[in-house]
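*Asks:*
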Amino acid sequence: MLPPPQERPIYHFTHASNLPSVLEQGFLHCDRIVRKERTLRVECGDLDIKERRRSRKVDPYPGGVVADYVPFYFAPRSPMLYKINKGGVPHYADGQDRLVYLVTTPRTLAASGCTSVFSDGNCAADITVIENDVSLLSTHVDWQVMGQERWNNTVEDPDRMRRRMAEFLVHERVPVEAITQLAVRGAACAQTVRATLRAYGACAAVDVRPDWYY
1 MLPPPQERPI
11 YHFTHASNLP
21 SVLEQGFLHC
31 DRIVRKERTL
41 RVECGDLDIK
51 ERRRSRKVDP
61 YPGGVVADYV
71 PFYFAPRSPM
81 LYKINKGGVP
91 HYADGQDRLV
101 YLVTTPRTLA
111 ASGCTSVFSD
121 GNCAADITVI
131 ENDVSLLSTH
141 VDWQVMGQER
151 WNNTVEDPDR
161 MRRRMAEFLV
171 HERVPVEAIT
181 QLAVRGAACA
191 QTVRATLRAY
201 GACAAVDVRP
211 DWYY
């Protein structure tokens, strides 16, 4: 039996080279703050998509734009990761093996004092709706498509990929203490990540989860 939506894991991935700055600052910051402080060492996101997120408004409180939020997916193996795996991000050529999942839950974030909103699909799509009422989390997100390995559009359902890209968006920053698990594709990266955590006195489980990757 699945836990309630607020207790289910949500997933943010970044390059392993970005972990030291996250740990040093004590926060995982949104794109707006990262750009201002120039703390990102390796950019693995799609630059065109990130640019659109800097103008896509978030209507419910606390408002702003999508780039004011730290994004988490509701499932691993996202369409964005697939694009990276297929070489669809021109400036990034380091593959999946150095990408690290940072995992938490909506309840953990709320307990850490974070303010969050969530979408029913890709925030770049005009039809996507963003909400901030956590009581709607169980119905606003398509949990069925989140639980499936394949999320491709079909003739019967041409909107599956957009819904799989639904996000839990945390306003401005996530404290490191709210990250309850890290996951990587292979043992070599796990060793690197564990050494980085030790160097900064951080304590979190680092799991090898190749099934979360392509």
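All residue numbers in the sequence shown are consecutive under UniProt numbering, ending with 214. Backbone N, C-alpha and C fix where the C-beta goes; we use that ideal spot for every residue, glycine too. Since this is a predicted model, take the numbers as computed values, not measurements.
Where are the beta strand (DSSP E) runs, 3 residues long or more, that stay fully inside the region 61 to 96, in chain order?
*Replies:* Within the region 61 to 96, the complete beta strand (DSSP E) runs of at least 3 residues are 69 to 73.
*Asks:* I'd like the list of long-range same chain contacts for V100, defined as Cβ closer than 8 Å, with 5 residues on each side in sequence excluded.
*Replies:* If we look at V100 and ignore the five residues flanking it on each side, its Cβ neighbours are F13, T14, H15, A16, L19, L182, A183, V184, C189, V193.
*Asks:* Quick one: what's got a C-beta closer than 6 Å to N153's C-beta in the same chain, skipping five residues either side?
*Replies:* Around N153: R160, M161.
*Asks:* Which whole-angstrom value describes the C-beta separation of A166 and D120, a residue pair presumed to lie in contact below a C-beta threshold of 8 Å?
*Replies:* With 8 Å as the limit, A166 and D120 qualify as a contact, their Cβ atoms being about 6 Å apart.
*Asks:* Counting pairs of beta carbons, one from the region 24 to 39 and one from the region 173 to 180, are three or more of them closer than 8 Å?
*Replies:* Yes, the region 24 to 39 is in contact with the region 173 to 180.
*Asks:* What are the boundary residues of the beta strand (DSSP E) that includes Q181?
*Replies:* 181 to 184 is the extent of the beta strand (DSSP E) around Q181.
*Asks:* Please report the residue range of the beta strand (DSSP E) in which E167 lies.
*Replies:* It spans 167 to 171 - the beta strand (DSSP E) in which E167 sits, taken as one unbroken run.
*Asks:* For A75, collect the residues of the same chain with a Cβ closer than 6 Å to its Cβ; drop the 5 residues on either side in sequence, then sort them by chain order.
*Replies:* Around A75: M146.
*Asks:* Using DSSP with H/G/I as helix, E/B as strand and the rest coil, what is V103?
*Replies:* Correct three-state label for V103: strand.
*Asks:* What number of angstroms, rounded off, separates the C-alpha of W151 from the C-alpha of R54?
*Replies:* So the two alpha carbons sit approximately 26 Å from each other.
*Asks:* Leaving out five residues before and five after D142 in sequence, what residues of the same chain have Cβ atoms less than 6 Å from its Cβ?
*Replies:* Closer than 6 Å at the Cβ level, and outside the excluded window around D142, lie R163.
*Asks:* Who are the near neighbours of V52 in its chain, counting only those whose CB is closer than 6 Å to its CB and skipping five residues on each side?
*Replies:* The displayed chain sequence assigns Arg, not Val, to residue 52. Excluding sequence neighbours, R52 sits near A124.
*Asks:* Is I130 helix, strand or coil by DSSP?
*Replies:* Residue state, collapsed to three classes: strand.
*Asks:* Taking C-alpha atoms, which residue in G63, H91, P3 lies nearest to V42?
*Replies:* Measuring from the Cα of V42, the nearest candidate turns out to be H91.
*Asks:* Would you grab the beta carbon distance between N132 and P71 for me? Rounded to a whole angstrom, and I think it's under 8 Å.
*Replies:* About 15 Å separates the two Cβ atoms, so there is no contact after all.
*Asks:* Pick from T128, L102, S116: whose alpha carbon is nearest that of S135?
*Replies:* Ranking the options by Cα distance to S135, first place goes to S116.
*Asks:* For L23, list the residues DSSP reports as bridge partners.
*Replies:* The partner list for L23 (beta bridge, DSSP) is empty, contrary to what the question assumes.
*Asks:* Spell out the partners DSSP gives D207 in its beta bridges.
*Replies:* Per DSSP, A183.
*Asks:* Among all the DSSP beta bridges, which residues are the ones paired with residue 215?
*Replies:* Outside the shown range of the chain (1 to 214) lies residue 215, about which nothing can therefore be said.
*Asks:* With a CB to CB cut of under 6 Å and the five nearest residues on each side skipped, what residues in its chain are close to D68?
*Replies:* Correct list, in chain order: C30, R32.
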